[in-house]
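Those sequence lines, one after another, are chains Z and A.
Remember, our numbering sits 36 above the position in the first sequence when you count from 1.
Remember, our numbering sits 10 above the position in the second sequence when you count from 1.
Glycine included, C-beta positions come from ideal geometry on N, C-alpha and C.
First the structure, in the form of C-alpha cells, and then the observations on it.
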Amino acid sequence: MGPGRTILNQLAQQVVQANISTEILYSFIIIVCSLMIYYGTKEIYELSSYKGLKFFRQAFLFFALAYFFRSFIKLILFYFNVHGIFSISPKLLNPLISQITLTLFMYFSAMAIFYLLYSVMYKKRNYENKIYLFHVISVVLAVFSVVSRNPFSYLGLNILLLVFVLVIVYISYKNSKKKTKGHNLYAIYVLLLFFWILNIIDILIPTFFQNFQLIVYIASSGIFFLMLYKVLKKAGSN
Amino acid sequence: MAKRDRLEIIKDILSIIQSNQNSIKITPLIRKSNLSSSNFYEYHSELLKKNFIKETAHSNNKFISLTDKGLKFLEKYRTIINFIDEFEL
Chain Z
37 MGPGRTILNQ LAQQVVQANI STEILYSFII IVCSLMIYYG TKEIYELSSY KGLKFFRQAF
97 LFFALAYFFR SFIKLILFYF NVHGIFSISP KLLNPLISQI TLTLFMYFSA MAIFYLLYSV
157 MYKKRNYENK IYLFHVISVV LAVFSVVSRN PFSYLGLNIL LLVFVLVIVY ISYKNSKKKT
217 KGHNLYAIYV LLLFFWILNI IDILIPTFFQ NFQLIVYIAS SGIFFLMLYK VLKKAGSN
Chain A
11 MAKRDRLEII KDILSIIQSN QNSIKITPLI RKSNLSSSNF YEYHSELLKK NFIKETAHSN
71 NKFISLTDKG LKFLEKYRTI INFIDEFEL
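Written out as C-alpha cells, the structure is:
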C-alpha cells in the first residue's frame, strides 16, 4: 500500500470520527435540552397537576428518548459504514437489534409530536381517556414501517402531522387576533416539527442532506435552546 | 362573574386560609370560598390528598391550615398561570 493511499485512509478515518463527534454532540445537546425542559417544569406540574403541563412535559421526555435511539441508529450506520439501516448485512449485526432500535425511535418520536400537539389542543377537544389511541397509532405505524421495510409511510405520517399543526396554528392565529402572545410559540412549534421531520429524513435517507447536515443540526439545536430558554424563564426554575 | 377554573379555585381556598392567620374552621371557609358544599368537599379532599392543607382538632372544633406545600403553591401560582398562558396549554 502506497503512502498516498495511507494518507487517504487516515483522512477518511478523520472525517468519520469528526462526523461521529458531531453526531454525539448534537444528540447530547438535544437530549440535555429536552430533559432540562422536563425536569425544569417538574415543580410547577407537581404543584398544579395541570394536564396541559403533563402532556407538554411528556412531549420533551419522548423527544429525549427519540433522540437517544436516533443517535444509536446513527452510530450503527457509521460503525458499519452503510447508508441505510436495512442495508446492514445480517452477518454483521443481528437484524433484530437495528429493527427494534428503529421501531423505538419511530414510536417515541411520533409520541413526542402527538403529546406536543395534544398539550395545545386538549382544552378544545378533551380526548384524555383516548391518549392510548395515540400510543396504538404510533406503535402500529412504527412496527408496520419496520416490518414492511417501508419507512416512508412513517415519513408520510410526520408530514401529515406537520400539515395538521399548520392548520391548528392558522386556526389559533385567527381566533386570537387580539392577543399578541402565543404567536411566537406557534412559530417555534412549527419549526420544531419541521426540523424534526428533517431529522427523520436524515435517518431514513442519510445521504439526503450531504453538506447541509451541519446547518440542519445547528438550526435544530437553536430551536431547542430557544424552547429551553423560554421554559426556564417562565417556569422560574433554577 | 366569569367561571373560575380549577387552579383559581384552589388558589382562592388557600388564600382564604392564609389570610385567616393560617387557621380557619370549615364552615366559614365554605362560605368565603363561594362554592357549594358538595363542590367544596371535592376540593377539600383533593387538597388534603395532595398535602396542601392539614386538619387539626381544637376543643371539639376542626381547624384547617396550610402546609408548606400549600404555601409553595400560593408562592408559585402566578408562575404556573403565566407558564400555562405563555405556552397556550
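Query                                                                                                                                                                           : Result
Give the DSSP bridge partners of ASN71 of chain A, in chain order.                                                                                                              : A:HIS68
Using DSSP's beta-bridge definition, name the partner residues of LEU76 of chain A.                                                                                             : A:ILE63
Taking only beta-carbon positions, decide if ILE167 of chain Z is within less than 8 Å of chain A.                                                                              : no
Classify GLN46 of chain Z as buried or exposed, calling it buried when 16 or more other Cβ atoms lie within 10 Å of its own Cβ.                                                 : exposed
Any beta-carbon of chain D closer than 8 Å to the one on ILE66 of chain Z?                                                                                                      : Structure shown: chain D not included; protein chains present are Z and A.
Once you ignore the five residues that flank TYR81 of chain Z on each side, which residues in its own chain have a CB closer than 8 Å to its CB?                                : LEU89, LYS90 and ARG93
For SER84 of chain Z, which residues in chain A fall below 7 Å Cβ to Cβ?                                                                                                        : LEU17 and ILE90
Of all the CB atoms in chain Z, is at least one closer than 8 Å to the CB of LYS82 of chain A?                                                                                  : yes
Can you name the residues that DSSP bridges to ILE34 of chain A?                                                                                                                : A:ILE74
Is there a Cβ of chain Z sitting closer than 8 Å to that of GLU98 of chain A, yes or no?                                                                                        : yes
Closest by CA to ILE60 of chain Z, which one among Z:TYR253, Z:THR139, Z:PHE261 and Z:LEU268?                                                                                   : Z:TYR253
Is there a C-beta anywhere in chain A that falls below 8 Å from the one on PHE99 of chain Z?                                                                                    : no
If you draw a straight line from the C-alpha of PHE200 of chain Z to the C-alpha of PHE99 of chain Z, how long is it?                                                           : 19 Å
Which residues in the same chain as LEU84 of chain A place their Cβ atom closer than 6 Å to its Cβ, once the five residues preceding and following it in sequence are excluded? : LEU24
With a threshold of 8 Å between beta carbons, is ILE94 of chain A in contact with chain Z?                                                                                      : yes
Compare the C-alpha of LEU83 of chain Z against each of A:PHE97, A:LEU39 and A:LYS21 and name the closest.                                                                      : A:LYS21
Helix or strand or just coil, what does DSSP make of HIS171 of chain Z?                                                                                                         : helix
Grab me the residues of TRP232 of chain Z's own chain with a C-beta within less than 6 Å of its C-beta, minus the 5 sequence neighbours each way, in chain order.               : none
Cα separation between LEU227 of chain Z and VAL172 of chain Z?                                                                                                                  : 26 Å
Under 9 Å Cβ-Cβ, which residues of chain Z neighbour LYS86 of chain A?                                                                                                          : GLU79, ILE80, LEU83, SER84 and GLY272
Are the CB atoms of ILE236 of chain Z and ASN186 of chain Z nearer to each other than 8 Å?                                                                                      : no
Interface residues of chain A around PHE92 of chain Z at Cβ under 8 Å?                                                                                                          : PHE97 and LEU99
Along the alpha helix (DSSP H) that carries THR139 of chain Z, what are the first and last residues, could you check?                                                           : 131 to 157
Is ILE66 of chain Z near SER257 of chain Z, with beta carbons less than 8 Å apart?                                                                                              : yes
Given a threshold of 16 other Cβ atoms within 10 Å of its Cβ, counted over all protein chains shown, does TYR265 of chain Z qualify as buried or as exposed?                    : exposed
Going along the chain, which residues of its own chain have a beta-carbon closer than 7 Å to the beta-carbon of MET11 of chain A, five neighbours each way excluded?            : Low per-residue confidence applies at MET11 of chain A: pLDDT is 45, beneath 50, and the placement is therefore not dependable, though the value from the model is reported in the following sentence. Here the set comprises nothing.
Which value, in whole angstroms, describes the spacing of the CA atoms of LEU81 of chain A and PHE260 of chain Z?                                                               : 33 Å
Please report the straight-line C-alpha distance between SER145 of chain Z and ALA102 of chain Z, rounded to a whole angstrom.                                                  : 5 Å
Name the chain A residues that come within less than 7 Å of SER155 of chain Z, Cβ to Cβ?                                                                                        : LEU99
Out of Z:PRO126, Z:ILE73, Z:LEU71 and Z:LEU138, state which residue places its alpha-carbon closest to the alpha-carbon of ILE239 of chain Z.                                   : Z:LEU138
If you follow the alpha helix (DSSP H) that VAL267 of chain Z is in, where does it begin and where does it stop?                                                                : 249 to 271
Three or more beta-carbon pairs under 8 Å between the segment 70 to 78 of chain A and the segment 28 to 41 of chain A, yes or no?                                               : yes
Which of helix, strand or coil does DSSP assign to MET11 of chain A?                                                                                                            : Because MET11 of chain A sits at a pLDDT of 45, beneath the cut-off of 50, its placement in the model cannot be relied upon, and the point is left open.
Does the beta carbon of GLY258 of chain Z come closer than 8 Å to any beta carbon on chain A?                                                                                   : no
Around the Cβ of LYS269 of chain Z, are there at least 16 other Cβ atoms within 10 angstroms (buried) or fewer (exposed)?                                                       : exposed
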